[in-house]
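Colleague:
Protein chains: 2
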Amino acid sequence: MARLSFRDQVLRVREDAIVSSVNRLLAEKGFDSMTVDEVAADVGIAKASLYKHFASKEALAAAAMVRVLQRARQAIEEQAATADRSAFERLRAVTRWTLQVQLAGEMPSLPAQNSTLRATLVADPKYIDLVMDVSEKLGEWIVQAQTDGALTKALPPEVILYTLFARACDPVLGFLKASGQHSDEQIVDWVLATCLDGLAARV
Amino acid sequence: MARLSFRDQVLRVREDAIVSSVNRLLAEKGFDSMTVDEVAADVGIAKASLYKHFASKEALAAAAMVRVLQRARQAIEEQAATADRSAFERLRAVTRWTLQVQLAGEMPSLPAQNSTLRATLVADPKYIDLVMDVSEKLGEWIVQAQTDGALTKALPPEVILYTLFARACDPVLGFLKASGQHSDEQIVDWVLATCLDGLAARV
DNA sequence: GTCTATAGCCAGATAGAC
DNA sequence: GTCTATCTGGCTATAGAC
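So the sequence lines, in the order shown, correspond to chains S and V. Residue 15 in our numbering sits at position 15 of the first sequence, and the numbers go up by one each step. Residue 1149 in our numbering sits at position 149 of the second sequence, and the numbers go up by one each step.
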């Protein structure tokens, strides 16, 4: 990690505040409903200043995605560092982390259809590298857990990986939270159970 | 069903064509990205004519939701009419129907956060009645299937109902279809399996 | 009820002074 | 790099002739 000048440190801190606001607003309202004016107001700077840091609204969203993927990779590495834990248990822990982040309103949600947004994302090497890195590490655990007999062998690893990724935007969490009758931990436990154990009774 | 004059029949057919276009565009691009200009062009009439039929863009979306809910209720009633079928089998059939509709690009997708859209929906008695009707019928089957021992008793019926509803916007279907390596039936079978059987191995 | 033309608004992005 | 002020385009919705 290169030493940063004081100037650059200030800049880093400011950009971090911007990404935090974007992350929260993306989780709250989604990409289309979020406006750059809101972001600027939330950070407390002028809109034109925002554009000195990020080239476009899409670039703001990409930065938020990079940050949440960095957090995900960190969560994965923490699991990788644990001893005496099976691949299945590690996958379960990372999935639980994902659900907790979403329930806490810290998971940015992007529309899968927006083409200019997708173009910005795939043109961002940081984003691409992180997605591939996270996919690869989870993919290894999935194969291992299938070998261990903990995960079903009836599904291809690809399907399992996508199903775990999709927990980041599972609407059931929001439904249950909106009902206001359950604790966050209870909600996470239930959704984790639907994902891993399924709805059909286990004999 | 009241007899309709020829004039009203023409009108009915035209509005049906409008709702079809809205339904497809909502499935394709989502509510925010869909423009009223596109809808008018797709139907082949002027935008001002559209507004003679529907008061707003939100009203268009509500009409599409009502239609897909009517289709859902019909699918439920077809299951209810079958003999020698358990509640669990009926739920599985309806869930399969939902996944097929989504994979076929016929499931309108609306942002859960948009407040003016939500206001239009909850102000529409047709929409509300259909949601309650569908929920009630599925809820009865869920309780029955739990009593039969086919669905897990570890989850409240509410959680199971939401989880089934969420299959209407499961992104895994689109991911797998985008990979282009699997048939639609294969994709539906896999996602249905993740939902009902879960990812963990069954002993 | 259909059309053309346009009003009115809002959001993304920029100009230019400091 | 920060600001104020503005441009530009696109979108919802409507006016008004036929």
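We put the beta carbon where it would ideally sit given N, CA and C, even for glycine. Quantities reported herein were computed from a predicted structural model and do not represent experimental measurements.
So N1023/V and A1064/V are supposed to be a Cβ contact under 8 Å. How far apart are they, rounded?
Modeller: Yes, N1023/V and A1064/V are in contact; Cβ-Cβ is about 4 Å, under 8 Å.
Colleague: Count Cβ pairs between the segment 1026–1038 of chain V and the segment 1078–1095 of chain V that sit closer than 8 Å; are there 3 or more?
Modeller: They do not touch, by the three-pair rule.
Colleague: Return yes when the Cβ of T194/S is within less than 7 Å of the Cβ of T1035/V, no when it is not.
Modeller: Cβ atoms of T1035/V and T194/S: not closer than 7 Å.
Colleague: Name the chain S residues whose beta carbon is nearer than 7 Å to that of D1042/V?
Modeller: Under the 7 Å cutoff, chain S gives no residues; its nearest Cβ is about 16 Å from D1042/V.
Colleague: Does the beta-carbon of T116/S have 16 or more other beta-carbons within 10 angstroms, so that it is buried, or is it exposed?
Modeller: Exposed is the call here.
Colleague: Listing by chain order, which chain S residues have their CB less than 7 Å from the CB of G1030/V?
Modeller: Chain S residues near G1030/V: P111, Q113.
Colleague: Can the beta-carbon of A1166/V be found less than 7 Å from the beta-carbon of V172/S?
Modeller: Against a cut-off of 7 Å, the Cβ pair of V172/S and A1166/V comes out as a contact.
Colleague: With a 10 Å radius around its C-beta and 16 neighbouring C-beta atoms as the bar for buried, classify Q1146/V as buried or exposed.
Modeller: Under this definition Q1146/V is a buried residue.
Colleague: Between I1128/V and chain S, is any beta-carbon pair separated by less than 7 Å?
Modeller: No, because no Cβ of chain S sits closer than 7 Å to the Cβ of I1128/V.
Colleague: Assuming V1134/V and R1073/V are in contact, meaning their beta carbons sit under 8 Å apart, how far apart are those beta carbons, in whole angstroms?
Modeller: Going by Cβ atoms, the distance from V1134/V to R1073/V rounds to 6 Å, so yes, they are a contact pair.
Colleague: Take S1086/V as the anchor and find which of A1055/V, R1067/V, V1019/V, A1150/V has the nearest alpha-carbon.
Modeller: It is A1150/V.
Colleague: Could you confirm whether any beta carbon from chain S is found closer than 7 Å to the beta carbon of G1139/V?
Modeller: By this cut-off, G1139/V is not an interface position.
Colleague: Give the single residue among G1044/V, L1004/V, T1082/V whose Cα lies nearest to the Cα of S1020/V.
Modeller: For the residues G1044/V, L1004/V, T1082/V, the minimum Cα distance to S1020/V belongs to G1044/V.
Colleague: Determine whether the Cβ of D84/S lies closer than 7 Å to any Cβ atom of chain V.
Modeller: No, no contact with chain V.
Colleague: For the segment 3–16 of chain S, which residues have a beta carbon sitting closer than 8 Å to at least one beta carbon of chain V?
Modeller: Cβ contacts with chain V: none found.
Colleague: By how many angstroms is the C-alpha of G139/S removed from the C-alpha of V68/S?
Modeller: The straight-line gap from Cα to Cα measures roughly 19 Å.
Colleague: Any beta-carbon of chain S closer than 7 Å to the one on A1166/V?
Modeller: Taking Cβ atoms only, chain S reaches closer than 7 Å to A1166/V, which makes this a yes.
Colleague: With G30/S as the anchor, note down where its alpha helix (DSSP H) starts and where it stops.
Modeller: Looking at the DSSP string, the run of the alpha helix (DSSP H) that includes G30/S is 6–33.
Colleague: For the alpha helix (DSSP H) holding F1088/V, just list the boundary residues, first then last.
Modeller: That run of the alpha helix (DSSP H) goes 1087–1103.
Colleague: For G1180/V, decide whether its Cβ has a neighbour in chain S, counting only Cβ atoms nearer than 7 Å.
Modeller: Answer no: the Cβ-Cβ gap between G1180/V and chain S never drops below 7 Å.
Colleague: Does chain S have any CB closer than 7 Å to the CB of L1151/V?
Modeller: Yes - at least one Cβ of chain S is within 7 Å of the one on L1151/V.
Colleague: Buried or exposed for Q1102/V, going by 16 or more other Cβ atoms inside 10 Å?
Modeller: The residue in question, Q1102/V, is buried, as its Cβ has 16 or more Cβ neighbours within 10 Å.
Colleague: Between V1124/V and D8/S, what straight-line distance do the alpha-carbon atoms span, to the nearest angstrom?
Modeller: According to the sequence displayed, residue 1124/V carries Asp and not Val. Rounded to the nearest angstrom, the two C-alpha atoms are 54 Å apart.
Colleague: Considering Cα atoms alone, identify which of I1018/V, A1059/V, E1136/V is closest to A1041/V.
Modeller: Nearest option by C-alpha distance: I1018/V.
Colleague: Under 9 Å, CB to CB, which of the residues in the segment 190–202 of chain S have a partner in chain V?
Modeller: So the close ones are W190, V191, A193, T194, C195, L196, D197, G198, L199, A200, A201, R202.
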